[in-house]
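K.L.:
Letter by letter, the sequence shown follows residues -17 to 1148 in the working numbering. By construction, the Cβ of each residue, glycine as well, lies at the ideal position given by its N, Cα and C atoms. All figures in this text were calculated on a predicted structure; none of them were measured in a lab.
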Amino acid sequence: MDDQERKQFATFEKHGEFLELLHLFLTNDRKSEPESDEEGDNASRTLQKLTMLLNEYHEQSYLLDPYLENLVTPVAERMRHYARLYALNEQFPNYLSSKFARIADLLYAYINFRGYKTIVRFFPHEISDLTIALDCMLKLSDGHTEWPLRYVMLIWLYLICMIPFDLSQFDELGQTGRTASRLEDLAKSHLGKAGLERDGASLLLSRLYVRKDASSRFSAYLSWTLDQLDSGDNVILSIGALQSICQVAKDGPADVVQSLLSILTSISSAIDRNSKLQINTHVRKFKCKLLARVGMRLLAPRWRTITRGSNTIDRRILELNELGKLLIPPSETDLDTETDEDQDIPSEVENILEQLLECLQDKDTVVRWSASKGVARIAERLPATFVEQVLETVMNLFSIHSAAVASLYDLPSIAESTWHGACLACAEMARRGLVSHNQLPELLDWLSKALYFDLRKGSHSIGSNVRDATAYALWSLARTQAVDALAPHAEGLAHHLVIVSLFDREVHVRRAASATFQEFVGRTALFPAGIDVLRKTDFYAVSVRRNAFLSAAPQVAEHQEYRTALIEHLMNVSIRHWDEAMRELASLSLHGIIVTDFKSLFRISIEKAVRLLDSVDKQDLHGALLALTEIARASETHSAGCEERDLRKNEIFAELARVQDTLLFGHHNDIVLAAALRFIKQTLTLNTTSTPRWRTIIEAGLKHRNPDVQEAAAEAMGRVSYLQDCTQDIKRLITELASAPPIIQQSLGRFLGALRYDANPVCLEYVFDTLLDYVTPMKGFTIEARRTCYQAIGNIVSTVAPCLEKRISSSRFQSLIRALLAGLEDYTNDQRGDVGSWIRIICIGGLSTVMGLLLTSSAIAPDLAEYLPPVLYKAAIAGILKQGLERLNNVRQVAGERFIALLKLPLPSCPQPDRWKLPGSDLFKELLVSEETLGNWGDSSLFFPKAVRFLEIEDFRRDVLAGIIMSIGSKTDSTHRPMTTSLVAYIETLPVTADHSEAFGAVTFVECLTRYADENVKNNNIIVPVFQTFTALLESDVVQRLSQHPVGLQSLQSMFDIVVKNISRIKSISRVQESMKIVVNFLTVEPLSKQCASSLKPFLLHHIPRIRMDTAEYFYLKLQSIDSIESDLSDEVESIVLETEWMSNDQQSIEDACERIVGLLIKSLA
């Protein structure tokens, strides 16, 4: 399963675990004594675990609904307990404040998880709670409490305000209205907060103002809000005030809203006047909500008849009064006598609708979405004639920007907002059954166009939200329109929805179109082959773009009803798409569709593609060339014979003459030229006589600076070399490309590797000489050029493998293998890092491919020992194995995959096949051929503990050791640390000496390490990692036991001699530092400690101050672990080290301190 796929739950599986944690949390919370810091930390961790458990179910929060009462109620009771204590006590202890905050945090986690409307039902709401919550909230200080606590308390007050008792009962004598005023002032004080406190305060105010005993305050609040909006100084406060007013307009009595209509409309006007407010998205959104809700309260509820599929139902718009009871519905007599004309529509409704229609064109989606719902909700309460006018006005929005343009794709980018808002409004009206049958054809016509709304804007496109909203609108029509009304449009809709679900660029649009298609199939059964097509274009089939184009589309094309529509869209839209990846996928999809009915679609497709070749637009030209290439590819398998195939290819090839030279060879022509080259490769035949400039195109591609164009040109030249002898052209191009600029030299290897040498055997030796010459760094080729040359070696050998003995001699073959082996040692570095790894990866692949061919087929090289001697084979295996242990994850992964593939090969069918059996193959299979290690060579923590055991195989020991050393020397901690840990742990398990000749001991390892260091003593790139490896062994005390063995002591002495040799003449700072660490660590090895003491001088007196300081610091840290030094002398040495200014230029004082330190060490060690 993909990492991003979330687990789907069926139940609250962790209910028991959650209850245990909650019980622990509440038990600790109920303790009366002050909690320690540790207890507080434990409580916070428990809270964190509870929150994490909730987050696991965040996508399916409804699963917890049956358990919420038991989970929320005890926590809410604790909140009431702390609120009571907080309200009654002047001094609230700090530890109780912490507990109170944690309880609020948990309640907020519940609210965040399931929503306040669900959670607040489980809060306590007794009459006495009002005073407790209000007093507590008034005492809470913003500076001393966390915002979750304030938010939860405001939500609690919002619930308590629902009590059906007059608030004056809570007032003290002579202070009538004081409780309501305190609530109002409290909420107002939090309206200006940018956090969730503002939402809580808005809810509290709205609940307060819908009460009968406090509704008289709403007028004053509106006036206060109007003043705030006119000043425009505090946008956050304005948002909070508007949020509360919108809630009152929704929940409050209709007569109250109607009586305050003038001031409510003034608020909307105030927002329009204030530019500071007008630019805020939330302000504009709440303005839309306010207008819509006011408009709804001005209109009476109505009955509607909605047709859903073949069923007709009555939909009654009912209204809730302030007590939450349903209004009495009209009687049947009233419904019969009341007509559309009997209802008077207030003039204010028209003004509100005008403003909402303007908001449909807003730049922000949330505003358009709110406006669309407002328009639909108001229209739902209007007479049918007015509803048609509203829908007509909404549909007119489509034509605002499209009246003066030739096609949909020529619309200005500003049209996106307008079309999106119009689609949303149409969708909301359709969902409510407000689209009449006579308006349905026009609406479907506009929606069919909106399904393809895609406008280029810079390097991307806009319009996916329009297409998504259009799918929603059509989905709504499928649910509410009669089958008879949809039947005339069913075939066109089916084509449009299938096309969008298969060929849209965005996954959410494809899924939306698929869901709409499903809705039509399920409710109307009008679409041709609906069930079968739906199975091929379901949610999962269209989720991956490549699968939708290359798998689902050809399957749908099997149905003749959809085939022509798919071809039309591909050729008119997808092939011409602005996105190059879409054009490439479209061409491949075209191939899959054509083969379903090649005879009838071949000619149609060519005609449509050829028309695009005359275009001056590079996108059209690129798409046409790709399409013609795929049509030619389809003709290979669907022609009656070779003659018919070649005739078709020649016909297609002749169309290349229509392409202008300026478009092929002009500036920024990369994709067009590459497409033309692939076109040539696919259509070129032996009988090609037209378009003589194809050779010019190929050579231009070979000398192009773009690697993709070079690759395409090389493939085209490979096709030419298959058809005719190109020996002279090959030699000429080798000379020209070799002397070209570095970026074009890369083309040489691509070109030579793509050639077919069956028709050009004469030039093969010349090609090999060229490649072997240019892969050497001394020739001056760039790393990229050498990489392509190495790749060409493997490609050529694979190409000529069927006739290897005729084409390549055994000596030449061995020279090629040795060249690839040399490539494994390429560690070139530049500002990009280890670019030599590019060559090493290519050489690993080349070696494994070539050796695999020879080992698995005796016919290729009957005399295997001549072509691949066992010694050379084992050297290649050792080189690959070394790369499998090195520092780069990607190199290790490739080496591991190739090594395991070679390990699984059977022995060759030749005399004495055991000569090619891998030494230690049983150990390799034991360690590597398992599920956890098989493909995880790149995972250092998993692979390295097993890899260090490769040292047990003597034939590969040197190369394995070299790979281990390179990984330990890596600057990447994820490589260095696991390898160091694995090696040290492994060496600790080894005996000091081997019991027999084939065994492996610690002494053997140190001898190998010393020998490897001695061989590379002048190569700092190798010797420094060797020293780092030895330092890791010394720091872990692995080699302490070697000093007690004569052979082991001799090995340690040899390493010590290498470390201190000519130390004062070494210029590499990193080498000097690593040498210093070894010398200091050797102080703990008693037989060598006296020599080490004397050898400290070159480091403490080094001319580079940084080295002197590092030596002093490292020596000071290590001094504590040297048991052979007496404590009093150790203290004196420490004092000298700490008191000396090692970075100073006072050479005399440094020399004196050095002499004293060394003298004390020698004295103590003696």
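Hey, how far is the Cα of S241 from the Cα of K345?
P.N.:
Indexing the sequence shown from 1 puts residue 241 at position 259. Indexing the sequence shown from 1 puts residue 345 at position 363. S241 and K345: Cα-Cα distance of roughly 33 Å.
K.L.:
May I have the straight-line CA-CA distance separating R1178 from A412, to the nearest angstrom?
P.N.:
Absent from the model: residue 1178. The displayed extent of the chain is -17 to 1148, so no value can be given.
K.L.:
Is there contact between the segment 493 to 504 and the segment 539 to 553, where contact requires at least three CB pairs shorter than 8 Å?
P.N.:
These segments do not touch.
K.L.:
In this structure, how does DSSP classify L78 when only helix, strand and coil are distinguished?
P.N.:
Start at 1 with the first residue of the sequence shown, and residue 78 comes out as number 96. It is helical.
K.L.:
With C-beta atoms as the reference, is A451 less than 8 Å away from H402?
P.N.:
Mapped onto the sequence shown, residue 451 falls at position 469. Mapped onto the sequence shown, residue 402 falls at position 420. Result yes, Cβ atoms of A451 and H402 sit closer than 8 Å.
K.L.:
Should M61 go down as buried or exposed, given a rule of 16 or more other Cβ atoms within 10 Å for buried?
P.N.:
Position 79 of the sequence shown holds residue 61. Counting Cβ neighbours within 10 Å, M61 comes out buried, since at least 16 surround it.
K.L.:
Would you mind working out which of L548, E612, I679 and R615 sits nearest L645, comparing C-alpha positions?
P.N.:
Counting from one through the sequence shown, the residue named residue 645 turns up at place 663. Here the closest residue by C-alpha is I679.
K.L.:
Three-state secondary structure (DSSP) at E320?
P.N.:
One-based indexing of the sequence shown puts residue 320 at position 338. With a pLDDT of 43 at E320, under the threshold of 50, the modelled position of that residue is not reliable, and the figure given next carries that caveat. Note: E320 maps to coil in three-state DSSP.
K.L.:
If we count Cβ pairs, one from each stretch, closer than 8 Å, do we get three or more for the segment 1025 to 1036 versus the segment 961 to 973?
P.N.:
No contact exists between the segment 1025 to 1036 and the segment 961 to 973.
K.L.:
Alpha carbons only, please: which of Q706, A656 and Y855 is nearest the one belonging to K685?
P.N.:
Counted from its first residue, the sequence shown places residue 685 at position 703. Nearest of Q706, A656 and Y855 to K685, Cα basis: A656.
K.L.:
Where does the unbroken alpha helix (DSSP H) through S458 begin, and where does it stop?
P.N.:
Here residue 458 corresponds to residue number 476 of the sequence shown, with the count starting at 1. Note, S458: alpha helix (DSSP H), S446 to T462.
K.L.:
Within the continuous alpha helix (DSSP H) that includes K1079, where are the two ends?
P.N.:
Here residue 1079 refers to the residue found at position 1097 when the sequence shown is read from its first residue. Element bounds for K1079: K1079 to L1082.
K.L.:
Where does K439 sit, in a helix, a strand or coil, going by DSSP?
P.N.:
The residue given as residue 439 occupies position 457 in the sequence shown. DSSP places K439 in strand when its eight states are reduced to three.
K.L.:
If contacts are defined as beta-carbon pairs under 8 Å, then V779 and L798 qualify, I think. What distance do you get, rounded to the angstrom?
P.N.:
Position 797 of the sequence shown, counted from the first residue, corresponds to residue 779. Position 816 of the sequence shown, counted from the first residue, corresponds to residue 798. V779 to L798, Cβ: 7 Å. Contact.
K.L.:
Which value, in whole angstroms, describes the spacing of the CA atoms of V217 and K258?
P.N.:
In the sequence shown, residue 217 corresponds to position 235, counting from 1. In the sequence shown, residue 258 corresponds to position 276, counting from 1. Whole-angstrom Cα-Cα distance: 8 Å.
K.L.:
Tell me the DSSP secondary structure of D326 in three-state form.
P.N.:
Numbered from 1 along the sequence shown, position 344 holds the residue referred to as residue 326. The answer is coil: DSSP assigns D326 none of H, G, I, E or B.
K.L.:
Keeping to the same chain, check which residues put their C-beta closer than 6 Å to that of N1002; ignore five residues upstream and five downstream.
P.N.:
Residue numbering aside, residue 1002 sits at position 1020 when the sequence shown is read from its first letter. Excluding residues within five positions, the ones whose Cβ falls inside 6 Å are S1050 and R1053.
K.L.:
Write down every uninterrupted run of the alpha helix (DSSP H) in the segment 624 to 649 whose length is 4 residues or greater and which is fully enclosed by it, in chain order.
P.N.:
If we require 4 residues or more, the alpha helix (DSSP H) runs fully inside the segment 624 to 649 come out as 624 to 635 and 643 to 647.
K.L.:
Exposed or buried, what is E639 when buried is set at 16 or more other beta-carbons lying within 10 Å of its beta-carbon?
P.N.:
The residue labelled residue 639 in the question sits at position 657 within the sequence shown. What sits at residue 639 in the sequence shown is Ala, not Glu. Answer is exposed; the Cβ neighbour count stays below 16.
K.L.:
Buried or exposed for W138, going by 16 or more other Cβ atoms inside 10 Å?
P.N.:
On the sequence shown, position 156 is the one that residue 138 refers to. By the 10 Å Cβ count, W138 comes out buried.
K.L.:
Output needed for L3: all residues of its chain with C-beta closer than 6 Å, excluding positions within five of it in sequence on either side, in chain order.
P.N.:
Along the sequence shown, read from residue 1 onward, the residue named residue 3 stands at position 21. The answer, listed in chain order, is T28, K31 and L32.
K.L.:
Which partner residues of D812 appear in the DSSP bridge assignment?
P.N.:
Here residue 812 is taken as the residue at index 830 of the sequence shown, counted from 1. Looking at the DSSP assignment, D812 forms a beta bridge with G815.
K.L.:
Only counting the same chain, and skipping five residues up and downstream in sequence, which positions put a Cβ closer than 6 Å to that of K590?
P.N.:
On the sequence shown, residue 590 is found 608 positions in, with the first residue counted as 1. So the list reads M553, once near-sequence residues are dropped.
K.L.:
Could you check the C-alpha separation between L567 and D520 for me, to the nearest Å?
P.N.:
Residue numbering aside, residue 567 sits at position 585 when the sequence shown is read from its first letter. Residue numbering aside, residue 520 sits at position 538 when the sequence shown is read from its first letter. So the two alpha carbons sit approximately 20 Å from each other.
K.L.:
Helix, strand or coil for A929 per DSSP?
P.N.:
Reading the sequence shown from its first residue, position 947 is the one you call residue 929. Of the three classes helix, strand and coil, the one that applies to A929 here is helix, per DSSP.
K.L.:
Kindly indicate which residue of S556, L583, T158 and D921 has the alpha-carbon position closest to the one of A539.
P.N.:
Residue 539 sits at position 557 when you count from the first residue of the sequence shown. For A539, the nearest C-alpha among the options comes from L583.
K.L.:
Let me know the secondary structure DSSP gives D1092 once reduced to three states.
P.N.:
The count along the sequence shown starts at 1 and reaches residue 1092 at position 1110. D1092 falls in the helix class under three-state DSSP.
K.L.:
Return the CA-CA distance between W428 and V577, expressed in angstroms with no decimal places.
P.N.:
Indexing the sequence shown from 1 puts residue 428 at position 446. Indexing the sequence shown from 1 puts residue 577 at position 595. So the two alpha carbons sit approximately 34 Å from each other.
K.L.:
For R298, count neighbouring Cβ atoms within 10 angstroms of its own Cβ and tell me buried if that reaches 16, exposed if not.
P.N.:
As a working note, residue 298 is residue 316 in the sequence shown. Because R298 carries a pLDDT of 43, less than 50, the predicted location of this residue cannot be relied on, and no value is offered for it.
K.L.:
With a Cβ-Cβ cutoff of 8 Å, do I821 and V873 count as a contact?
P.N.:
Locating residue 821 in the sequence shown gives position 839, counting from the first residue. Locating residue 873 in the sequence shown gives position 891, counting from the first residue. Not closer than 8 Å, so no.
K.L.:
Please determine, among E618, R492, H477 and G574, the residue with the shortest C-alpha to C-alpha distance to H551.
P.N.:
Taking the sequence shown and counting its residues from 1, one reaches residue 551 at position 569. Closest by alpha carbon: H477.
K.L.:
Could you check if K307 is buried or exposed, using at least 16 other CB atoms within 10 Å of its CB as the buried criterion?
P.N.:
Counted from its first residue, the sequence shown places residue 307 at position 325. Model confidence at K307 stands at a pLDDT of 40, short of 50, so the residue's coordinates are unreliable and nothing is read from them.
K.L.:
What residue does the alpha helix (DSSP H) around Y772 start on, and which one ends it?
P.N.:
Against the sequence shown, residue 772 aligns to sequence position 790. Run containing Y772: I765 to V782, per the alpha helix (DSSP H) assignment.
K.L.:
In whole angstroms, what separates the C-alpha of A720 from that of V744?
P.N.:
The residue labelled residue 720 in the question sits at position 738 within the sequence shown. The residue labelled residue 744 in the question sits at position 762 within the sequence shown. If you take the alpha carbons of A720 and V744, they lie about 20 Å apart.
K.L.:
On a CA-only basis, which of Y434, R438, P365 and M377 is nearest I396? Give me that one, please.
P.N.:
Indexing the sequence shown from 1 puts residue 396 at position 414. That would be R438, whose Cα lies nearest to the Cα of I396.
K.L.:
Which term fits A563, buried or exposed, when burial requires 16 or more other beta carbons within 10 angstroms of its beta carbon?
P.N.:
Position 581 of the sequence shown, counted from the first residue, corresponds to residue 563. A563 should be labelled exposed.
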